[in-house]
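Colleague:
Protein chains: 4
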Amino acid sequence: MTFFNRRNFIKSTALTAIPALIPFTAYSSQTIEVSNNSAADTEVKFFFDGKIYDPMEYVSVLQQIDAKHPIESDVYGNGGVIGELEKKFTEATGKERAIYMPTGTLANQLAIDALSDDKTKVIVQQMSHVFCDEADAAQAVFNKRLVPLAEGEAYFTKSELQKAIEKLSGSEYYYDGIGAVSIENPVRKAYGAMVPFDEIKQISEYCRQNSIKLHLDGARLYLASAWSGVSIKEYSSCFDTVYISLYKYLGANGGAILCGDASVISKMQRQIKIHGGNIMSNWTNAAMALYKLENIEGVLANVVKRAAELTIGLNKIKGIHVAAIPDGTNIYGMELSENVNTDKMRDRLKKEFKIEIRQPGESGKIMLSMNETVLNQSVTSILNAFEKTISS
Amino acid sequence: MTFFNRRNFIKSTALTAIPALIPFTAYSSQTIEVSNNSAADTEVKFFFDGKIYDPMEYVSVLQQIDAKHPIESDVYGNGGVIGELEKKFTEATGKERAIYMPTGTLANQLAIDALSDDKTKVIVQQMSHVFCDEADAAQAVFNKRLVPLAEGEAYFTKSELQKAIEKLSGSEYYYDGIGAVSIENPVRKAYGAMVPFDEIKQISEYCRQNSIKLHLDGARLYLASAWSGVSIKEYSSCFDTVYISLYKYLGANGGAILCGDASVISKMQRQIKIHGGNIMSNWTNAAMALYKLENIEGVLANVVKRAAELTIGLNKIKGIHVAAIPDGTNIYGMELSENVNTDKMRDRLKKEFKIEIRQPGESGKIMLSMNETVLNQSVTSILNAFEKTISS
Amino acid sequence: MTFFNRRNFIKSTALTAIPALIPFTAYSSQTIEVSNNSAADTEVKFFFDGKIYDPMEYVSVLQQIDAKHPIESDVYGNGGVIGELEKKFTEATGKERAIYMPTGTLANQLAIDALSDDKTKVIVQQMSHVFCDEADAAQAVFNKRLVPLAEGEAYFTKSELQKAIEKLSGSEYYYDGIGAVSIENPVRKAYGAMVPFDEIKQISEYCRQNSIKLHLDGARLYLASAWSGVSIKEYSSCFDTVYISLYKYLGANGGAILCGDASVISKMQRQIKIHGGNIMSNWTNAAMALYKLENIEGVLANVVKRAAELTIGLNKIKGIHVAAIPDGTNIYGMELSENVNTDKMRDRLKKEFKIEIRQPGESGKIMLSMNETVLNQSVTSILNAFEKTISS
Amino acid sequence: MTFFNRRNFIKSTALTAIPALIPFTAYSSQTIEVSNNSAADTEVKFFFDGKIYDPMEYVSVLQQIDAKHPIESDVYGNGGVIGELEKKFTEATGKERAIYMPTGTLANQLAIDALSDDKTKVIVQQMSHVFCDEADAAQAVFNKRLVPLAEGEAYFTKSELQKAIEKLSGSEYYYDGIGAVSIENPVRKAYGAMVPFDEIKQISEYCRQNSIKLHLDGARLYLASAWSGVSIKEYSSCFDTVYISLYKYLGANGGAILCGDASVISKMQRQIKIHGGNIMSNWTNAAMALYKLENIEGVLANVVKRAAELTIGLNKIKGIHVAAIPDGTNIYGMELSENVNTDKMRDRLKKEFKIEIRQPGESGKIMLSMNETVLNQSVTSILNAFEKTISS
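Residue numbers (the numbering used here), protein chains in the order written: chain C, 29 to 420; chain S, 29 to 420; chain B, 29 to 420; chain E, 29 to 420.
#1: Would you report the Cα separation of Gly279 (chain E) and Leu113 (chain E), rounded to the nearest angstrom?
#2: So Leu244 (chain B) packs on Phe267 (chain B), CB below 8 Å; how close in whole Å?
#3: For Leu177 (chain E), report the span of its beta strand (DSSP E) as first-last.
#4: What are the start and end residues of the beta strand (DSSP E) that includes Arg125 (chain B)?
#5: Gln153 (chain E) and Arg173 (chain B) - do their beta-carbons sit closer together than 7 Å?
#6: How big is the Cα-Cα spacing for Val332 (chain C) and Asn281 (chain C)?
#7: Kindly provide the ranges of any alpha helix (DSSP H) runs that are 4 or more residues long and lie completely inside the stretch 242 to 322 of chain S, ordered along the chain.
#8: When burial is assigned at 16 or more other CB atoms within 10 Å of the CB, is Pro98 (chain E) buried or exposed?
#9: Does the separation of the CB atoms of Gly220 (chain S) and Ile80 (chain S) fall below 7 Å?
#10: In this structure, does DSSP put Asn404 (chain B) in helix, strand or coil?
#11: Secondary structure at Gln154 (chain E), three-state DSSP: helix, strand or coil?
#12: Less than 7 Å between CB atoms is the rule here; does Tyr203 (chain E) satisfy it with respect to chain S?
#13: Excluding five sequence neighbours on each side, which residues of the same chain lie with their C-beta closer than 8 Å to the C-beta of Gly305 (chain B)?
#14: In angstroms, rounded to a whole number, what distance separates the CA positions of Gln297 (chain S) and Asn136 (chain C)?
#15: Using a Cβ-Cβ cutoff of less than 6 Å, which residues in the same chain neighbour Lys416 (chain B) once the five nearest sequence positions on both sides are dropped?
#16: Would the stretch 220 to 239 of chain C count as touching the stretch 83 to 97 of chain C if we require 3 or more Cβ pairs under 8 Å?
#17: Which residues, taken in chain order from the stretch 317 to 346 of chain B, show a beta carbon closer than 8 Å to some beta carbon of chain E?
#18: If the criterion is Cβ atoms closer than 7 Å, does the pair Asn213 (chain B) and Ala252 (chain B) meet it?
#19: Could you check what DSSP says for Ser210 (chain B) in three-state terms: helix, strand or coil?
#20: According to the neighbour-count rule (16 or more other Cβ atoms, all chains shown, within 10 Å of its Cβ), is Thr357 (chain E) buried or exposed?
#21: Could you tell me which chain B residues have their CB closer than 7 Å to the CB of Met362 (chain S), listed as they occur along the chain?
#22: Kindly give me the distance between the Cβ atoms of Val72 (chain B) and Lys379 (chain B), rounded to whole angstroms, as I take these residues to be in contact under 8 Å.
#23: With 16 other CB atoms within 10 Å as the buried threshold, where does Lys344 (chain C) fall?
#24: Any C-beta of chain A within less than 9 Å: which residues of the stretch 274 to 303 of chain C qualify?
#25: Using a C-beta to C-beta distance shorter than 9 Å, which residues of chain B count as neighbours of Ala165 (chain S)?
#26: With distances taken Cα to Cα, identify the nearest neighbour of Lys195 (chain E) among B:Gln405, B:Gly180, B:Val175.
#27: Which residue comes first and which comes last in the alpha helix (DSSP H) that contains Gly180 (chain S)?
#28: In angstroms with no decimal places, state the Cα-to-Cα distance between Val159 (chain C) and Pro176 (chain C).
#29: At a Cβ threshold of 7 Å, is Ser232 (chain E) touching chain B?
#30: Within its chain, find whatever has a CB closer than 7 Å to the CB of Pro224 (chain E); leave out the 5 residues flanking it on each side and keep chain order.
#31: Using only CA atoms, which one of E:Lys217, E:Leu249, E:Ile193, E:Thr148 lies nearest to Asn171 (chain B)?
#32: Mind checking the stretch 96 to 118 of chain S against chain B and listing, in chain order, the residues whose C-beta falls within less than 7 Å of any C-beta there?
Here you go:
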């Protein structure tokens with residue numbers, strides 16, 4: 029029996045537990061403290077999807093980058109390191125063109141808007157960022173009707189999609205079709221659970237047969253790729269547009285990339301401008317993301333391996349039970365024995381071992397996000413730290 | 029055991045049965061044949077919510093009206109018979125002001141837009157006209173996000189509303205509240221089922237306590253009033269804005285009235301104009317509706333009584349079973365024995381007795397709409413007609 | 029030397045004189061009194077562009093129409109007499125399809141919106157209805173930027189258009205072209221002055237060469253045709269979409285027709301619906317317009333002839349000077365000698381001769397609108413009436 | 029007689045000369061080369077409004093800043109150095125609240141949208157950034173109708189504004205007032221010319237008396253303040269909202285500040301989000317701008333003084349004529365004798381003296397932008413450089 033039963037797990041916890049999740053997804057809220065510790069390279073932080081650089085670390089990385097390959101500024105998103113970054117992403121995704129955007133919200137919204145054209149209906153996951161966390165931008169600014177499927181689930185299947193479309197088409201007098209379908213993968217609100225690639229392929233085929241455009245909110249697509257073994261290009265080939273974030277695990281302070289056909293992407297510069305997103309110079313984000321992109325696949329492969337080792341090791345420690353999320357990526361659930369003083373343990377882990385873990389959520393589980401900082405200490409020393417601090 | 033179990037009945041039939049319903053709601057589709065029969069006053073038609081006048085009948089009624097009280101044209105919706113009509117509706121609803129609109133869709137949309145102000149979220153019944161039958165106008169034109177509740181049900185309860193709002197407020201980072209709640213009553217897609225008045229009062233109280241504005245899509249409000257015994261004014265007192273149709277049972281060719289506070293209604297003339305709804309002269313609709321309005325409550329009271337008599341009488345005929353919709357208004361479900369040749373029976377009813385009934389829906393039931401034409405023949409002669417034609 | 033020097037005349041009077049013009053364009057304002065006089069067929073009214081029927085006259089015409097050819101109602105704008113009317117207008121304009129709309133404002137706005145697609149800039153006459161009298165619908169609802177040309181003039185020339193486009197394209201960093209050009213012809217605010225057909229042909233050619241779509245606000249196009257001798261089809265051939273009003277001289281209470289390519293018009297039904305303009309039954313307008321349409325060209329040809337005769341005749345009367353508007357249609361300017369008591373004269377004309385004329389505008393001129401009512405009395409009797417009443 | 033006659037000068041050159049101006053305003057176009065020269069502190073560049081840092085210079089300044097006062101990152105625009113910056117701007121402008129925005133376009137548009145509420149009409153200068161350089165965002169996204177005044181002029185007067193409003197109110201049937209007035213000061217497209225403060229005060233008073241909200245596009249407000257002697261607070265007191273850019277002379281790579289009443293600014297976070305402008309971390313811009321802000325008034329005071337000295341000195345050199353723009357700020361026009369080989373002179377200035385000047389515009393004048401780089405060399409050495417290179 030698995031620790032988490034996918035569909036049930038998400039269903040039973042996600043909806044009632046949301047207030048408790050807020051610290052868990054703290055970086056999307058407004059209260060996170062960013063560490064200024066300069067000895068950052070020995071720290072292990074079991075939250076966030078990548079390393080978060082404090083300002084002077086950030087600046088220092090930029091200097092290292094420039095030393096190898098001088099950073100050239102873009103001008104209003106054109107040329108310089110932005111041009112290099114866009115080229116890199118067209119190669120990674122196999123799409124004709126890529127364009128830098130200030131935020132993932134803008135990337136998602138403009139993609140959906142362009143793909144759906146005059147049609148209003150856009151199908152999304154009920155738990156998706158587009159539906160829950162973009163402040164109703166789709167309706168308020170882009171005149172779209174989001175149709176949420178798979179309430180409380182990570183994803184909808186091809187057959188659920190088809191059924192939903194058939195139901196819609198039969199129940200509205202003025203039905204004029206589906207403008208687009210958007211899929212978030214992996215799904216942040218579902219603890220990073222993935223949409224199975226086979227399901228994606230079926231959805232993609234169905235959409236193409238029915239002339240429905242398909243967008244991928246792949247903010248954390250490299251995580252999906254690392255845990256599923258499906259390449260960025262394979263994922264991208266199923267979609268008309270693909271958005272990838274520059275700040276989840278690519279180190280930047282912000283920014284997003286949208287990839288797609290030239291006919292779609294060529295409309296974006298004006299769209300970015302009229303929505304007020306055309307920033308004069310974006311090299312601080314682009315240079316960092318370009319630099320991290322070079323090794324991201326290797327780094328994440330190591331994190332996947334390390335996550336497996338840690339899971340096995342932690343489960344051998346008395347009082348600890350760790351399990352992956354079904355179809356999961358980098359988030360794992362850890363349960364501690366009831367008699368463990370969690371506050372003390374967290375405190376000691378941080379002070380004595382430079383290891384930070386979240387507080388338990390409402391379900392009592394502590395969610396561990398595996399990211400590149402888990403490579404900063406050896407498996408042995410991390411396991412040792414947990415063993416020491418739990419037995420106190 | 030009731031013939032129809034409300035919640036279950038609607039749930040089980042409404043969604044799968046929709047294609048079959050299209051003839052049933054034919055007047056909303058595009059193919060209805062309008063009778064030109066001049067002997068119309070002895071015909072009984074068990075469909076539509078009122079009498080539908082063919083052109084020369086219509087013209088003749090206008091002449092009768094003018095003979096008693098000369099019809100004065102409005103000018104772009106101002107003055108004349110439009111002014112009289114608006115005055116009548118402020119009296120009926122107890123609201124400060126009323127304004128003529130070309131369509132109910134515009135009345136609903138403009139009311140919701142005005143009440144919700146800058147907020148995007150508007151809660152509606154999933155089966156409501158606003159959600160299913162206004163071609164996504166709320167999203168496409170008015171930048172609103174409709175949040176559907178009570179899927180497959182006639183209505184949501186106060187407690188379901190409250191729970192839905194609490195869930196929304198806990199699951200979105202940028203939650204900024206509910207702009208408005210809209211209630212359709214009675215609900216056309218739910219076979220005219222009503223929202224219980226006690227539920228409306230509770231919802232109204234909850235909304236006022238939480239500063240949420242409340243709109244009534246009362247296209248067929250006079251039907252609800254006739255079957256529930258709750259007055260138009262009582263219903264209206266629970267809502268901030270009330271829309272009532274002029275062509276369901278008030279005889280007009282089109283048009284709608286929106287009632288509410290002066291502060292809301294005073295914005296409407298400009299809104300009507302910019303959405304292209306400011307028509308030069310509307311007296312043909314206003315004069316007819318004003319005329320029918322005078323007696324509508326008495327007429328419908330008779331229809332209610334007649335519907336009860338017919339139900340009792342029809343149920344005494346072997347092979348016929350008739351039952352009201354739970355919380356229903358003027359639509360009743362009739363089942364015929366399996367051995368009845370429905371086509372023949374319909375044909376004979378029409379030819380021999382000037383009685384028209386619908387074809388059976390997918391569930392096999394024939395929905396009978398009670399309207400003022402059921403007063404055109406006596407109970408005895410109608411029952412006689414059914415008895416004769418079923419036994420053939 | 030002409031009485032009115034076109035460009036200068038309009039320039040010098042139109043802008044400063046606007047408050048004075050309000051009675052002149054009274055039917056667009058909200059205060060007009062509609063006569064209920066039953067002896068209407070001997071009245072001559074030198075205002076409006078056609079005969080305005082009071083309610084019982086209107087009803088009586090509908091009965092006459094039905095007697096010859098039974099009126100069949102449309103259902104939500106489909107079929108019946110609406111279908112006949114649309115067919116008639118496709119023949120008249122030579123366009124692929126025609127569609128009924130509730131108002132000219134909606135027809136203009138939806139046409140411009142469809143033609144201009146994603147582009148914002150739409151070029152219009154500064155004095156046009158679209159720019160001045162549609163309550164900023166283009167900006168408020170349709171996200172268009174109207175670029176007004178020819179301030180205070182009836183029209184812009186092809187060369188002015190070209191210059192304006194070149195200037196725009198050179199002065200904006202994000203210039204993305206012209207979405208559409210809209211031309212009103214004749215121009216109501218310019219006293220019915222026409223755009224010369226040769227200018228229209230040049231503009232049309234320029235637009236086609238530059239892939240710019242061209243819309244005609246031909247609300248009063250039959251007036252232009254009658255006074256210029258250019259057929260409706262010739263005018264229409266220069267434009268992508270053509271709107272013609274049903275209530276200026278076609279007798280209806282409201283309504284408009286939009287003609288164009290099937291690819292454009294086929295989008296309109298949904299657009300009408302989401303803007304709240306889809307009215308259940310529109311036969312009262314359609315039947316009247318269809319009936320008047322049959323003879324409109326003959327009737328207006330007689331009005332043109334009569335207008336010439338009246339102009340000549342009136343100019344022979346001492347104290348009266350009448351002149352056509354340069355490039356004008358049915359509006360003529362009349363100046364009376366300073367010693368004439370205008371109020372008395374208007375009063376006597378009405379009471380003794382059943383002739384109504386406007387009050388003088390700010391410039392002192394009385395604008396005479398020639399319409400079919402000038403055929404209700406003979407030239408001799410009209411001239412006699414003016415002669416008698418001026419000399420009192 | 030002045031070198032440039034303000035109104036005539038701008039009128040005669042601005043419109044025809046626009047293509048030639050593009051290099052002049054190059055930083056708004058897409059082709060500018062950003063220097064990577066590390067010996068930047070001795071360079072004098074007579075273009076841009078401030079010093080433009082190349083990436084490694086930028087990084088180095090951030091390190092200096094952090095050394096004095098550790099830079100704390102914001103989280104999605106909240107807290108950290110963004111909080112400090114917003115506080116600083118509330119003090120500078122005297123407004124209740126300030127908020128960081130990714131771009132000036134977003135700041136302008138959101139301010140105008142909030143101030144004008146439901147009204148469509150917003151009055152702007154025809155030469156303003158809002159009207160010409162924001163890609164019709166006001167119409168395409170915010171449903172506003174921009175009404176341009178003062179074509180080809182730097183500004184409109186209070187009396188022109190009043191006249192325009194009176195004309196609008198008299199010429200539209202559905203006139204519903206002016207939503208807001210926006211003033212750009214100084215005006216970039218008018219070579220940095222200012223709106224005289226006395227005119228601003230009169231406009232402000234007029235707007236308050238008429239309940240019309242007033243926005244200041246003060247992207248370069250510190251330039252206006254330095255050249256006019258009117259403080260930021262004095263300017264701000266005349267307006268409801270004030271936008272100030274962070275990258276014209278405050279060194280940042282991008283970003284803007286919008287100041288105003290708490291009731292207006294408190295709406296902005298959600299607005300920024302739905303338009304896709306909510307970036308995760310913005311400390312690179314905020315820290316730089318905060319640092320430069322500390323001395324900006326002193327630095328610009330020196331630039332003003334230096335500009336005067338250079339003007340006097342350059343005018344003493346044979347073959348050079350320099351003059352300020354009437355009501356101008358930091359842009360001066362330089363004419364060279366016809367026999368000067370401008371290309372050679374520019375080349376020598378750069379190579380031998382590290383002084384860069386623009387190419388001549390279409391009018392033949394070379395526009396000199398005075399900025400803090402003119403303090404990098406002494407007056408004597410700059411004058412010497414011009415003298416040497418002109419006589420070659």
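We treat Cβ as the ideally placed atom computed from N, Cα and C, and that holds for glycine.
Modeller: Let me spell this out:
#1: About 14 Å.
#2: With 8 Å as the limit, Leu244 (chain B) and Phe267 (chain B) qualify as a contact, their Cβ atoms being about 4 Å apart.
#3: DSSP places Leu177 (chain E) in the uninterrupted beta strand (DSSP E) bounded by 173 to 177.
#4: Note, Arg125 (chain B): beta strand (DSSP E), 125 to 129.
#5: Contact: no.
#6: Approximately 24 Å, taken between the alpha carbons.
#7: As far as the stretch 242 to 322 of chain S is concerned, its whole alpha helix (DSSP H) runs of at least 4 residues are 249 to 256, 260 to 265, 290 to 293, 296 to 302.
#8: It is exposed - the Cβ of Pro98 (chain E) has fewer than 16 other Cβ atoms within 10 Å.
#9: Inclusion of Gly220 (chain S) and Ile80 (chain S) in the CB contact set at 7 Å is not warranted, their separation being larger than that value.
#10: Three-state DSSP puts Asn404 (chain B) in coil, outside helix and strand.
#11: Of the three classes helix, strand and coil, the one that applies to Gln154 (chain E) here is coil, per DSSP.
#12: Contacts with chain S at 7 Å (Cβ-Cβ) do not include Tyr203 (chain E).
#13: Same-chain partners within the cutoff: Met129, Pro130, Thr131, Leu134.
#14: If I take the Cα positions, the gap works out to 37 Å.
#15: Closer than 6 Å at the Cβ level, and outside the excluded window around Lys416 (chain B), lies no residue.
#16: In this structure the stretch 220 to 239 of chain C does not touch the stretch 83 to 97 of chain C; the number of beta carbon pairs closer than 8 Å is below three.
#17: Near chain E, meaning a CB-to-CB distance below 8 Å, no residue of the stretch 317 to 346 of chain B qualifies.
#18: Using a Cβ distance threshold of 7 Å, Asn213 (chain B) and Ala252 (chain B) count as a contacting pair.
#19: Three-state result, Ser210 (chain B): strand.
#20: With a threshold of 16 other beta carbon atoms within 10 Å, Thr357 (chain E) meets it and is buried.
#21: Those do not exist, as Met362 (chain S) stays about 26 Å from chain B at its closest Cβ, beyond 7 Å.
#22: At roughly 13 Å, the Cβ-Cβ gap does not stay under 8 Å, so Val72 (chain B) and Lys379 (chain B) are not in contact.
#23: Exposed is the call here.
#24: Among the protein chains of the structure shown, namely C, S, B and E, there is no chain A.
#25: Here the neighbours are Lys301, Ile302, His303, Gly304.
#26: For the residues B:Gln405, B:Gly180, B:Val175, the minimum Cα distance to Lys195 (chain E) belongs to B:Gly180.
#27: Where Gly180 (chain S) is concerned, there is no enclosing alpha helix (DSSP H), given that its DSSP letter is neither H nor E.
#28: Note that residue 159 (chain C) is Phe in the sequence shown here, rather than Val. Straight through space, the alpha carbons of Pro176 (chain C) and Phe159 (chain C) are spaced by roughly 7 Å.
#29: Judged by the 7 Å Cβ criterion, Ser232 (chain E) is not in contact with chain B.
#30: Sequence-distant partners of Pro224 (chain E) (beyond 5 residues in either direction) whose C-beta falls short of 7 Å from its own C-beta, in its chain, are Asp355.
#31: Nearest C-alpha to Asn171 (chain B): E:Thr148.
#32: Residues of the stretch 96 to 118 of chain S with a C-beta less than 7 Å from any C-beta of chain B: Pro98, Ile99, Ser101, Val103, Tyr104, Asn106, listed in chain order.
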